[in-house]
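Asks: Have a look at this one before I ask anything.
Residue numbers (our numbering), protein chains in the order written: chain X, 1 to 294; chain E, 1001 to 1351; chain R, 2001 to 2641; chain U, 3001 to 3268.
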């Protein structure tokens, strides 16, 4: 039983990181209608930058954290300006392909700079586990979930109250109307990419603290798909919920299904669930249905 | 502007012909002769022949993907896995039941078509990106099956498959296999071309461009989407079968998501909705890593420590090339070729 | 038959069109295509055998509904096989007929039908049938109106209407009771019978009907063929109005005589691209067609990318020089030949293909004089364009350029069996077997035109020492300024019209101090130019009054003036507020300017220009096609050149 | 005019059709009946539900209440492609052509329901496939000839002028050889000459081919001239149905359009 609870907890932790990455993903989709296959690479980038700042530059973690976020924002900004902007008006599939190309480019780039070995963060959080109702939880888990939840709350507030957040929601709802209101679409696009890179970066730092940093981190990019589809591609709360659900689902399948299938079901179960959900609700749990008009 | 002065059609058959002028027929003839001569000229180079074989086998699968994605507008991220289904099916049928190669090939096509159609069912309700992700799910699920169902696929150890043979003749070298692959590639090209210029092809494009009006003029959407998935997967299955018998041993990594992505890049770089572009795109994507290897090869042999870096660089450059292509040639090589042709066709005018 | 081309077997006795048709059908049968029509998207072909059968049954059908020897038909409609089938069918029944321009005004149509006493009208479609039905009260002779495009006709129940194939079906029935009637009828046709009537513009405004015999037309085609050979393997595209004598010369007479394949385009809109599909070997067109082609090339080059423009502009002078060598009958130096062939393969060959002239061997122009610059242009492309001179009254031709003797300033030399001389008054006279049988029911007009067998052309001209005819202008059109300087307005106008921006020009100056020009711009091309230069405009009138446009034309006029004698240059011009239009009687149906009418109509403007005004205010009434009118108020600027 | 053009039986009937989107009513209990062979117009101000009615007839929208009956068969809940096969074709207010295809390809798509060969002969392009392509091409060419669009048959639809696109759209609908043709503002945005051509085509389709025509059109002159009968829709309700003369005299119609800013609604 304790084993189950442990797994569930780590599922929630991973789920919170999925939720973060999914948030960035949905943000980009909502405001620019682009599916970003490089979301995992953005996460990996954040993890490596932060790691380098902490281990090589010997900066305090908090400082590294902030600098990483700045760097991630810059990167998101740059990617949008350099690569995505020229693709406006091209077919969806070309834009998807472009983000796949970006993923490949970043993979190669990161690989060249940092190599392929796994690196670990120095112990930043206390190794002493916390105990709740008899279940030991490592502190880094608690901080991760807390950080993730704080981020999600912050971004929620940002969208609700800040002017650029509101503008972003307006663009997501109706580009033309937003433009007519004097909102600069290209600025919103850039902000969306910057935020997406920031949240992915945070996710990367958190997961890096838990699992160490290597190039397989980019697989988180793939995992985000079941999460966002589950929630509905254009729903931020949906994405967050979807992230948690997928995290927990993975944990559960690890416990109950792996023994039956010689392991590895974690990878596939979320996708099976995804297909089932889509067959029942084609626009996910919270996605908006397009009304067809002629 | 129509083809050429002095070309007039007296029947509808002539008007619908693929090659309309004697000049274009002549060049097709030259091309066929060149393709047949190729392996004799480069008989000494197993490497070149291997690349040629890879291109020919890949063209078949890429055509299938373009029929589905480029012509029907249904994005698929699971094509690599469908190729795998064909490869495993063909290998299994031959190993277990001793079915002759041609039988395996055709059956592999049909089995893959059925699998493809099953995964195409969500297309009834899903559109655009949602569908794309559903096909990604197909990729992940099938990959899982490849690894886990060891009894059929040999799992990650791989499956040994005997070479293709027809009436006792073994296609067991790059040289011999070339002709087999060429035959099927040409057949696939002709079939694909015929499909797109007749009833089903028109229905596909109608669904891609405006599915609502397509349905209102009498095209049953679901039926045709399924047909598109079926045909596309059939092509993938045949390609997979050829690949399996060519390479001799297949493992799940041969059919992972990267393969799906490679096939997508072939049709995008070649030109969505263009048979001709599919061929160009396939050649390009197959050759690109080879060229990068040719460049990095000598360097890495002088600096062995850097091998790892060069590998990573290759991956990065692959991504960069795709990006540059999409930004500067978004309509693909076929479009560029058409522009060049038009330039001369209209010369010295511009319209 | 002396006038028979040797190529086609000199001893054959076919001296009328129906006999020629039978002979060709015997000769080629099903093996060779006689007519080709683009219909329903493809070129539907008829062999000579089928052609003959169609003519036969339509002819018998006509007879069965009352067509008698000497009866006439009137044909009005687009160029389609039925048009010439009807023509030959009437001839085969020992009758003849007249073609009517589709865009003729109703009064003209009624006049032609009544004056020719046509019993049957062959009308293409609903549009033409409606015209005739509307005038039925004024057309007492008509027995039947036969249409060949049935679209929209099912709701008509008038007994007088019949569908073309139904008449042919009647003919088939009629043959059962009257076997060999057709052959006997054809046997009865004689070379001096009237074959067809071509209309020519008359002085009173109503057209005159010129009667041409079989002998006229066949001898003309045969003699022209001696200078400008045609072969049975040749294709021609019939897209010019068949009532015009030129189209009768080539599409009907030469087609039958030489066994060429005649191709009919699908519709007027697609004529240009259909012509390109066929790629004819022989083409005869009025200057307007060649000028339009030339202008379209210039426009398209203007819109092409800079590299294409550069290459074209580099090649053109080489081509012009090549033409100069050719006109001067000099061998170009070897080195220049190489340069020309480079230019040819780089540009001209492609241009020929784009225009549809890849196969062209015989290219001729006639009906009016073609500007030397246009001439040069086509020779630069390697198209040996030749001038034909003649009148309807001499079956269209009396002289032509010979292949190695082309001089754009002359009309060439008389074809075989043709004599030409200059009268004491300077008028060009000609005599040949092709001189017509007279105007229908107008003997006094005939007597004025043909005197002692000599056809009086009404053109002023002279003979060069080489024996070429040079036409100055219509006798009544040659003008002199008040100081006695003679000038030909047509010459100046042709120069002006070579500019792609200028559609039509009228020059005036007879008994005046200097020459002025009224110019109408080409709306399409100038509009295009204006768009590219970001000049806003609404209507033709508005565009014509833009200072930038006037500047543009002024530059063109200045260029042209440099090529004119010092004392006969254009001194002033205005841009007209409307295009000259045949519907307003300003042009003839073949597109020639009706000078006197125009001079009268625009007298206010002309006087204003001579009075030295800087601008002239206009309040004019414009009539639209649908009969509505509107008044135009505009101010036209007068420019000095 | 050909006698007995209009039959007595109703070929298409609507009974109490009610349609709403998220609480907004587009159609409220609309009844109508179209006789075989007639030209039946539907008029009314923008937003009156005219196009929605078309969408219901061809199965794109399914009404919440009411029935659509075509030749005695209820088609209310059929799919659009099934209804197309039964013999109802339409054109759209906003052109719905396949812009990247040629006029010919668009029209061949209109033949889709009539082309019968299977996938196999399509792949190899031989035998029945090849023969049928030619047969249907011929049919398409007849319609091209009928609508006088020969010169654009191989042009990409997207490059054509608005008026020509409208004509091509009608051509594509005719390719279905429907029994009923629904035309949605076929003359919108056309100049005088194009409008006259289009009127002529509609009259010919109706008289020569005996096709029943439903017409939505704002040009009252055209509507009053061409229609055998018409129906007036106002805010989703049918307020009048009858011959042009009857409708012009109808008081309800007069009231509904009294405030009409055009003022010319019923004037010729």
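Just so you know, even glycine gets a beta-carbon here, dropped at the ideal spot from N, CA and C.
Would you say residue 3002(U) lies against chain E (beta-carbon separation less than 7 angstroms)?
Replies: Here residue 3002(U) refers to the residue found at position 2 of the fourth chain. In this prediction, residue 3002(U) scores a pLDDT of 46, lower than 50, which makes its location untrustworthy; no coordinate-derived value is stated.
Asks: For residue 1096(E), count neighbouring Cβ atoms within 10 angstroms of its own Cβ and tell me buried if that reaches 16, exposed if not.
Replies: Within the second chain, residue 1096(E) is the residue found at index 96, counting from 1. Its Cβ having fewer than 16 others within 10 Å, residue 1096(E) is exposed.
Asks: For chain R, check one thing: does any of its Cβ atoms lie closer than 7 angstroms to the Cβ of residue 1338(E)?
Replies: To locate residue 1338(E), count along the second chain from 1; it is residue 338. It does not; no Cβ of chain R falls within 7 angstroms.
Asks: Counting only Cβ pairs nearer than 8 angstroms, list the residues of chain E close to residue 31(X).
Replies: Your numbering for residue 31(X) matches position 31 in the first chain. Here the premise fails: no neighbours, minimum Cβ distance about 15 angstroms.
Asks: Buried or exposed, going by whether 16 or more other CB atoms sit within 10 Å of the CB of residue 1344(E)?
Replies: The count along the second chain starts at 1 and reaches residue 1344(E) at position 344. Counting Cβ neighbours within 10 Å, residue 1344(E) comes out exposed, since fewer than 16 surround it.
Asks: Determine the closest residue to residue 1356(E) out of 1091(E), 1176(E) and 1071(E), with distance taken between C-alpha atoms.
Replies: There is no way to answer for residue 1356(E), as the model of chain E reaches only from 1001 to 1351.
Asks: By the three-class DSSP mapping on this structure, what secondary structure does residue 50(X) have?
Replies: What you label residue 50(X) is simply residue 50 of the first chain in a count that begins at 1. In this structure, residue 50(X) counts as helix in the three-state DSSP scheme.
Asks: Who are the near neighbours of residue 3262(U) in its chain, counting only those whose CB is closer than 8 angstroms to its CB and skipping five residues on each side?
Replies: In the fourth chain, residue 3262(U) corresponds to position 262, counting from 1. Residue confidence for residue 3262(U) is low, a pLDDT of 47 falling below 50, so the modelled location carries little weight and cannot support an answer.
Asks: Helix, strand or coil for residue 2394(R) per DSSP?
Replies: The residue labelled residue 2394(R) in the question sits at position 394 within the third chain. DSSP places residue 2394(R) in helix when its eight states are reduced to three.
Asks: Using DSSP bridges, identify the partner residues of residue 3227(U).
Replies: Locating residue 3227(U) in the fourth chain gives position 227, where the first residue counts as 1. Its beta-bridge partners do not exist; DSSP assigns none.
Asks: With DSSP as the reference, label residue 131(X) as helix, strand or coil.
Replies: On the first chain, residue 131(X) is found 131 positions in, with the first residue counted as 1. For residue 131(X), the secondary structure class from DSSP, reduced to helix, strand or coil, is strand.
Asks: For residue 1023(E), which residues in chain R fall below 9 angstroms Cβ to Cβ?
Replies: Translated into the one-based positions of the second chain, residue 1023(E) becomes position 23. Here the premise fails: no neighbours, minimum Cβ distance about 12 angstroms.
Asks: May I ask you to report which of helix, strand or coil DSSP gives residue 2633(R)?
Replies: For the purposes of this step, residue 2633(R) is identified with residue 633 of the third chain, where counting begins at 1. Three-state DSSP puts residue 2633(R) in a strand.
Asks: Excluding sequence positions up to five away, which residues of its chain have a Cβ less than 7 angstroms from the Cβ of residue 2052(R)?
Replies: Here residue 2052(R) is taken as the residue at index 52 of the third chain, counted from 1. Cβ within range, chain order: 2021, 2022 and 2025.
Asks: Determine which residues share a DSSP beta bridge with residue 2507(R) and list them.
Replies: Position 507 of the third chain, counted from the start, is the residue given in the question as residue 2507(R). BP columns for residue 2507(R) point to 2517(R).
Asks: Taking the CB atoms as reference points, tell me whether residue 1294(E) and residue 112(X) lie closer together than 7 angstroms.
Replies: Translated into the one-based positions of the second chain, residue 1294(E) becomes position 294. Translated into the one-based positions of the first chain, residue 112(X) becomes position 112. Cβ distance not < 7 angstroms, so residue 1294(E) and residue 112(X) don't count as in contact.
Asks: Thinking residue 2364(R) and residue 2388(R) are a contact (beta carbons under 8 angstroms), I'd like their distance in whole angstroms, please.
Replies: For the purposes of this step, residue 2364(R) is taken as the residue at position 364 of the third chain. For the purposes of this step, residue 2388(R) is taken as the residue at position 388 of the third chain. That pair is a contact at about 5 angstroms.
Asks: Counting only runs of 3+ residues fully inside the region 2407–2462 of chain R, write out the beta strand (DSSP E) ranges in chain order.
Replies: 2419–2422 and 2427–2431
Asks: Please check the pair residue 2175(R) and residue 2355(R), which I expect to be a contact at CB under 8 angstroms, by giving their CB distance rounded to whole angstroms.
Replies: Your numbering for residue 2175(R) matches position 175 in the third chain. Your numbering for residue 2355(R) matches position 355 in the third chain. Not confirmed; about 45 angstroms, so no contact.
Asks: May I have the straight-line CA-CA distance separating residue 2207(R) from residue 2201(R), to the nearest angstrom?
Replies: In the third chain, residue 2207(R) corresponds to position 207, counting from 1. In the third chain, residue 2201(R) corresponds to position 201, counting from 1. Near 5 angstroms, if we compare the C-alpha coordinates of residue 2201(R) and residue 2207(R).
Asks: Among the candidates 1131(E), 1086(E) and 1099(E), whose CA atom is the shortest distance from the CA of residue 965(E)?
Replies: Nothing about residue 965(E) can be reported from this structure: the residues present for chain E run from 1001 to 1351 only.
Asks: In terms of residue numbering, what span does the beta strand (DSSP E) encompassing residue 2198(R) cover?
Replies: Along the third chain, read from residue 1 onward, the residue named residue 2198(R) stands at position 198. Element bounds for residue 2198(R): 2194–2200.
Asks: Give the C-beta separation of residue 2055(R) and residue 2106(R) to the nearest angstrom, bearing in mind that I take them to be a contact with Cβ-Cβ under 8 angstroms.
Replies: For the purposes of this step, residue 2055(R) is taken as residue 55 along the third chain, with counting starting at 1. For the purposes of this step, residue 2106(R) is taken as residue 106 along the third chain, with counting starting at 1. Not really, about 30 angstroms apart at Cβ, beyond 8 angstroms.
Asks: Three or more C-beta pairs under 8 angstroms: does that hold for the region 1272–1287 of chain E against the region 1052–1059 of chain E?
Replies: Taking 8 angstroms as the limit for Cβ pairs, the verdict is that the region 1052–1059 of chain E does touch the region 1272–1287 of chain E.
Asks: Going by C-alpha distance, which of 1190(E), 1063(E), 1081(E) and 1123(E) is nearest residue 1143(E)?
Replies: For the purposes of this step, residue 1143(E) is taken as the residue at position 143 of the second chain. Residue 1143(E) has its Cα closest to that of 1081(E), out of 1190(E), 1063(E), 1081(E) and 1123(E).
Asks: What number of angstroms, rounded off, separates the C-alpha of residue 2096(R) from the C-alpha of residue 2029(R)?
Replies: Here the question's residue 2096(R) lines up with position 96 in the third chain. Here the question's residue 2029(R) lines up with position 29 in the third chain. Cα to Cα, the separation comes out at about 26 angstroms.
Asks: Going along chain U, which residues have a C-beta under 9 angstroms from residue 2623(R)?
Replies: As a working note, residue 2623(R) is residue 623 in the third chain. What residue 2623(R) touches in chain U: nothing, since even the nearest Cβ is about 15 angstroms away.
Asks: Between the region 2294–2309 of chain R and chain E, which residues of the former have a C-beta closer than 7 angstroms to a C-beta of the latter?
Replies: 2300, 2301, 2303, 2304, 2305 and 2308
Asks: Return the chain-ordered ranges of every alpha helix (DSSP H) run that is complete within the region 3122–3210 of chain U and spans a minimum of 4 residues.
Replies: 3127–3147, 3162–3175 and 3192–3208
Asks: Let's see if you can read the secondary structure: which residues bound the beta strand (DSSP E) around residue 2623(R)?
Replies: Counted from its first residue, the third chain places residue 2623(R) at position 623. Segment 2615–2623, the beta strand (DSSP E) holding residue 2623(R).
Asks: Look up residue 2046(R) in the DSSP assignment and give the residues it is bridged to.
Replies: The residue labelled residue 2046(R) in the question sits at position 46 within the third chain. For residue 2046(R), DSSP records a beta bridge to 2035(R).
Asks: Quick one: complete beta strand (DSSP E) runs, 3+ long, within the region 2343–2371 of chain R?
Replies: 2362–2365
Asks: Between which residues of its own chain and residue 2432(R) is the CB-CB distance below 6 angstroms, once the five residues before and five after are set aside?
Replies: Residue 2432(R) sits at position 432 when you count from the first residue of the third chain. Within the same chain, residue 2432(R) has close Cβ partners 2417 and 2418.
Asks: So, using beta-carbon positions, are residue 263(X) and residue 229(X) closer together than 7 angstroms?
Replies: Reading the first chain from its first residue, position 263 is the one you call residue 263(X). Reading the first chain from its first residue, position 229 is the one you call residue 229(X). No, the Cβ-Cβ distance between residue 263(X) and residue 229(X) is not below 7 angstroms.
Asks: Indicate whether residue 3071(U) and residue 3011(U) have their beta-carbon atoms separated by less than 7 angstroms.
Replies: Looking up residue 3071(U) in the fourth chain gives position 71. Looking up residue 3011(U) in the fourth chain gives position 11. Result yes, Cβ atoms of residue 3071(U) and residue 3011(U) sit closer than 7 angstroms.
Asks: Note down, in chain order, every chain X residue with its Cβ under 8 angstroms from the Cβ of residue 1303(E).
Replies: Walking along the second chain from the start, residue 1303(E) turns up at place 303. What residue 1303(E) touches in chain X: nothing, since even the nearest Cβ is about 14 angstroms away.
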